[in-house]
Amino acid sequence: KAVGNLNVPVLLKRGLSSTLEELVMSAEYIMAEGNPNVVLCERGIRTFETSMRNTLDISAVPMLKKMTHLPVVIDPSHAAGIAFMVPALAQAAVAVGADGLMIETHNDPAKAKSDGAQSLTPKGEGGRGPARGRMRGQVTVISRKRVAMASSALISRLAATASPDGEAFRADSGIDPHT
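Letter by letter, the sequence shown follows residues 125 to 303 of the working numbering.
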């Protein structure tokens, strides 16, 4: 109730074992107190799979968009818990219509106090990035310290300006991939 009384944006992450209905009901609980600024976040669910932390429920995005008017973002870093999977999961999130991405970054993931294994580096050192710039030529995320968010509209614009081989942005696109 307290969060519902605040006039601040709320990023509501789905619990590991929560259903989509439970997530939406939690959002409605916040909004019922007067705060309409809720963003839903899918960050993976618990399954029997043991090779990764969680399993990204990519099908949650279109279903949540059918169930509610709220924006839906994907947190691919926490979904798998493994840095090399983040770019592919981010691409899947964009393809399925996510409104944004939340990507964990760290300048030196090996020295991170938490979540280093899932963190990308801002400049791509150590084969873990780039978090700032191209992610396989299709998804660009703007990095700000540990967490980065980008709207799907920006990602779509960036993807549309990528060269056919996905290696460079057209000079005439008017988009600076480094800002």
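Using N, Cα and C, we set each Cβ at its ideal position, and we do this for glycine too.
message: Given this structure, state the Cα-to-Cα distance separating ALA156 from GLY128, to the nearest angstrom.
response: Here residue 156 refers to the residue found at position 32 of the sequence shown. Here residue 128 refers to the residue found at position 4 of the sequence shown. Straight-line Cα distance between these residues: approximately 7 Å.
message: Going by DSSP in three states, LYS137 sits in which element: helix, strand or coil?
response: To locate residue 137, count along the sequence shown from 1; it is residue 13. Three-state DSSP puts LYS137 in a strand.
message: Less than 6 Å between C-beta atoms, sequence neighbours within five positions excluded: which residues of the same chain meet that for VAL148?
response: Looking up residue 148 in the sequence shown gives position 24. Within the same chain, VAL148 has close Cβ partners MET191, THR192.
query: According to the neighbour-count rule (16 or more other Cβ atoms, all chains shown, within 10 Å of its Cβ), is ARG170 buried or exposed?
result: Numbered from its first residue, the sequence shown carries residue 170 at position 46. When all chains shown are included, ARG170 counts as exposed.
- request: Please report how far the alpha carbon of GLU228 lies from the alpha carbon of LEU244, in whole angstroms.
  value: Counting from one through the sequence shown, the residue named residue 228 turns up at place 104. Counting from one through the sequence shown, the residue named residue 244 turns up at place 120. The straight-line gap from Cα to Cα measures roughly 6 Å.
Separation of PRO200 from TYR219, as counted between CA atoms: By one-based count along the sequence shown, residue 219 stands at place 95. By one-based count along the sequence shown, residue 200 stands at place 76. Reading off the sequence, residue 219 comes out as Ala, not Tyr. Cα to Cα, the separation comes out at about 13 Å.
Expected contact under 8 Å - CB spacing of GLY224 and HIS202 to nearest Å: Along the sequence shown, one-based indexing puts residue 224 at 100. Along the sequence shown, one-based indexing puts residue 202 at 78. Not quite, the Cβ-Cβ distance comes to about 14 Å (not below 8 Å), so this is no contact.
- prompt: Which runs of the alpha helix (DSSP H) spanning at least 4 residues fall entirely within the stretch 191-250, listed in chain order?
  reply: 200-204, 210-220
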